[in-house]
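Scroll down for the structure; my scribbles are underneath it.
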Ligand code: ARG
Ligand code: ZN
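In UniProt numbering, the protein residues as written are 5 to 876.
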């Protein structure tokens with residue numbers, strides 16, 4: 005069943021032009037396809053034509069106008085085969101499909117009253133017979149026919165060229181997309197939609213119409229997405245010299261969508277959660293997420309669409325590069341240090357866990373069963389870290405030249421990761437051979453570092469040793485080329501010291517290159533003993549261990565010139581304290597708070613800072629998930645108790661300081677999702693979390709007041725979370741009730757309402773999930789609802805991991821149901837169970853039992869692949 009990278013061959017036949025006609029009907033849509041096919045020049049004559057096709061009912065087929073008899077082609081589960089075809093020919097097919105029965109949300113499906121598509125990676129084969137692979141690129145001409153009353157809007161890729169009325173109340177629109185594209189970028193939308201329109205003039209003077217299409221009730225929620233789109237278009241021109249290439253760019257919001265959004269040429273389709281915002285309904289974080297995703301999909305127009313992937317093993321070619329581009333964009337238009345801190349904390353929590361589990365895979369996998377399972381943190385986020393390392397290795401100018409070379413050399417082509425890296429090597433003159441290992445080797449490299457200062461010689465000797473742990477299918481690992489950005493902070497001066505290595509002066513902040521298993525770096529002419537600040541800015545996606553004392557960490561927290569490492573020093577300091585408390589909890593010993601953490605927090609709270617956003621991050625303790633990631637064996641209860649203890653100890657000792665910060669950042673200006681406001685709100689809300697953690701009268705009163713003031717969703721949601729997660733149901737219940745009634749009409753707000761209550765630490769979380777599954781706003785066929793309720797519960801560490809196994813059982817029950825309805829979502833939902841090896845024996849057995857129960861079902865390829873790996 006597995007497909008291997010090494011088996012790649014160009015297609016025997018390629019499509020140069022595709023003409024499609026859709027006659028839309030909920031249960032019986034007709035799709036006529038006329039494919040202009042020709043033999044691939046690298047393949048021999050006489051090979052059979054094989055087209056992909058799933059769940060299609062073939063109504064007619066003709067080759068060069070001649071109807072084919074039943075003995076002239078063969079239909080299988082996977083598609084259609086014609087044994088003998090000419091070197092160049094036309095193929096006409098007509099099929100029938102049923103969008104309303106399509107709950108997998110791949111191919112053409114219904115979302116509410118509308119029709120929409122999702123074709124990446126392999127959804128197009130559920131629309132018509134086609135060579136459904138990204139190296140087949142064709143121009144498309146698409147006619148959409150539908151009922152004029154219920155489907156007044158008919159959209160597809162490119163430009164509308166013709167429209168008209170038809171008998172029986174129907175109408176049609178014909179769209180032409182002049183840019184050759186693989187079928188995964190095809191899109192169609194039909195429905196009763198409203199548009200918000202704007203314009204953008206590109207750097208060469210092309211006048212582009214921008215449209216966002218939504219259902220009527222969402223017309224007031226598009227401003228931010230539109231503003232973000234225009235910012236992204238300008239940024240890509242200024243930063244990468246990339247300009248938009250059609251007269252029309254459309255975004256459509258749909259409620260039922262498996263992922264965040266999709267970059268279909270000229271017609272991006274978005275999960276409504278990834279595009280709609282309003283100050284009353286969306287948090288600051290949601291505003292920033294929308295900005296990032298709008299940019300991401302737009303950037304794909306070049307990194308993905310104009311230059312696409314040869315095969316799906318190259319997925320990170322477009323995703324890693326595009327994530328890097330959207331991260332850079334968000335950093336430029338918001339707080340850059342905070343963006344980096346957020347991205348790295350997410351990465352170290354979630355991607356490291358993926359790398360350490362049974363589904364670990366390289367950024368370029370060499371085999372898979374179901375490509376839908378490979379839209380992962382490794383492909384996306386680790387892929388982006390690799391591109392970031394490349395950018396830093398060769399420097400921005402060479403990187404930009406390499407990018408220009410890549411886009412010009414491969415425009416209109418389907419290419420590989422080597423092609424991309426080769427452009428970078430050519431543009432920079434650097435040898436990137438060893439660097440390529442980052443793409444083929446799975447697992448998180450660890451660097452064990454230690455160093456010592458020699459007073460007599462005024463030298464600092466730094467020893468770095470790397471190793472990458474074995475991952476499934478890869479037991480032996482080679483040494484990677486790891487760029488380590490560092491500074492040596494003088495213990496007397498508190499400043500970065502001048503770095504001299506092998507007689508060469510490197511400035512005060514430099515990159516050293518670890519290429520071997522072990523390397524020694526001797527820095528000379530150092531007048532004072534330093535504390536090393538290593539892997540600044542997270543210069544490589546590795547775990548870096550250094551035997552820092554708590555004094556060292558407090559010193560770095562106060563003095564490091566690198567904002568990211570200053571934050572990281574605080575996290576490391578908190579982790580050391582948490583380690584002690586976790587041990588104390590397990591051993592039943594009294595917990596004692598580490599005063600160095602208290603002192604560090606006091607300094608942070610009372611120092612004047614102009615960067616409130618970074619301060620808010622520094623005052624945030626590592627999440628339970630991240631703490632768990634650091635432990636040899638995860639003890640969910642001890643971690644929860646230890647973190648709670650630290651939080652409450654800080655709140656008790658520094659109550660006045662937190663209160664002062666809260667009050668100093670209260671504001672009643674009208675809401676804008678702008679960096680300064682966002683920073684003040686997050687600082688204020690972090691302070692409120694501490695105040696509320698001890699549930700004293702004032703903390704409760706402030707939280708309730710903030711909830712009731714209803715200034716904006718950021719503040720309301722934060723207050724509601726604190727009330728709901730408190731120990732007092734008399735605070736939680738009335739607030740949840742009021743909120744639930746007020747927002748019953750808004751599905752995106754109800755998603756938040758679901759998540760908040762099922763992530764509470766109180767013991768009734770699981771009962772609440774069961775109860776809420778019957779709530780009228782919940783639906784198992786809507787991925788957002790499943791994520792909001794079931795997905796959020798599975799992140800509720802103390803309750804999901806209940807010792808009676810009921811949390812695991814509930815998840816497995818849902819996976820079993822979704823396995824039939826929506827395999828892609830089902831497979832994703834299993835993830836927490838696949839991490840069984842990280843827990844105690846009792847929980848391991850319970851988790852494995854649920855995986856076995858899933859395995860006994862008649863499984864989709866998606867769920868099969870994940871469960872097999874998890875139990876291997
Ligand atoms: N290319 C899309 C994006 O990165 C994601 C599409 C994922 N689709 C899927 N079926 N897994 O924005
Ligand atoms: Zn993407």
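C-beta: ideal position from N, C-alpha, C; glycine also.
- Here DSSP, grouped into helix, strand and coil, assigns residue 224 to helix.
- With distances taken between CA atoms, residue 313 lies nearest to 141 out of 474, 141, 408.
- Beta-bridge pairing by DSSP links residue 179 to 146, 164.
- Measuring C-alpha to C-alpha distances from residue 594 to each of 576, 628, 606, 645 identifies 645 as the nearest.
- Within the chosen limit of 8 Å, the ligand ZN reaches the beta carbon of residue 323 through at least one heavy atom.
- Bridge pairing for residue 171: absent [DSSP].
- With fewer than 16 neighbouring CB atoms inside 10 Å of its own CB, residue 607 falls in the exposed class.
- Secondary structure of residue 380 (DSSP, three-state): coil.
- Here residue 133 is buried: its Cβ has 16 or more other Cβ atoms, across all protein chains shown, within 10 Å.
- Around the beta carbon of residue 782, a 10 Å sphere encloses 16 or more other beta carbons of the protein chains shown; the residue is thus reported as buried.
- Counting C-beta pairs with one atom in each stretch, the stretch 138–158 and the stretch 180–187 have three or more that are closer than 8 Å, which means they touch.
- In terms of CA proximity to residue 741, 724 leads the group 751, 724, 752.
- Restricting attention to 31, 280, 499, 366, the CA atom closest to the CA of residue 217 is found in 280.
- Taking all protein chains in view, the Cβ of residue 716 is crowded by 16 or more other Cβ atoms within 10 Å, so the residue is classified as buried.
- Taking non-hydrogen atoms of the ligand ZN into account, the C-beta of residue 301 is found less than 8 Å away from one of them.
- As a beta-bridge residue in DSSP terms, residue 371 pairs with 8.
- The C-alpha of residue 564 is placed about 35 Å away from the C-alpha of residue 322.
- Taking a contact to require three or more Cβ pairs closer than 8 Å, the stretch 268–283 and the stretch 383–392 do not qualify as touching.
- By the CB criterion at 9 Å, residue 620 and residue 569 fall outside the cutoff.
- For residue 493, the enclosing beta strand (DSSP E) has its first and last residue at 486–494.
- In the structure shown, residue 471 falls within a strand segment according to DSSP collapsed to helix, strand and coil.
- Collapsing the DSSP output to three states places residue 265 in a strand.
- In this structure, the alpha-carbon of residue 697 lies about 19 Å from that of residue 718.
- Going by DSSP, residue 254 is part of the beta strand (DSSP E) stretching over 252–258.
- Between the ligand ARG and the CB of residue 265, the shortest heavy atom gap is smaller than 8 Å.
- Contact between residue 49 and residue 91 holds, with the beta-carbon distance rounding to 6 Å and staying under 8 Å.
- DSSP, reduced to helix, strand and coil, places residue 698 outside both helices and strands of the structure shown, so it counts as coil.
- Residue state for residue 851 is assigned as helix, using DSSP reduced to three classes.
- Sequence-distant partners of residue 603 (beyond 5 residues in either direction) whose C-beta falls short of 8 Å from its own C-beta, in its chain, are 558.
- Here residue 385 has 351, 355 as same chain residues with Cβ atoms under 6 Å from its own Cβ, once five neighbours each way along the sequence are excluded.
- The residues 36, 147, in chain order, have a CB closer than 6 Å to that of residue 25 in the same chain once the five nearest residues on each side in sequence are set aside.
- The Cβ-Cβ distance between residue 181 and residue 163 falls below 9 Å.
- At least one heavy atom of the ligand ARG falls within 8 Å of the beta-carbon of residue 122.
- Taking all protein chains shown into account, residue 201 has fewer than 16 neighbouring C-beta atoms within 10 Å of its C-beta and is therefore exposed.
- Just so you know, the alpha carbons of residue 17 and residue 85 end up roughly 12 Å apart.
- Short of 6 Å from the beta carbon of residue 256, and not among the five residues preceding or following it, lie these beta carbons of its own chain, in chain order: 193, 217, 273.
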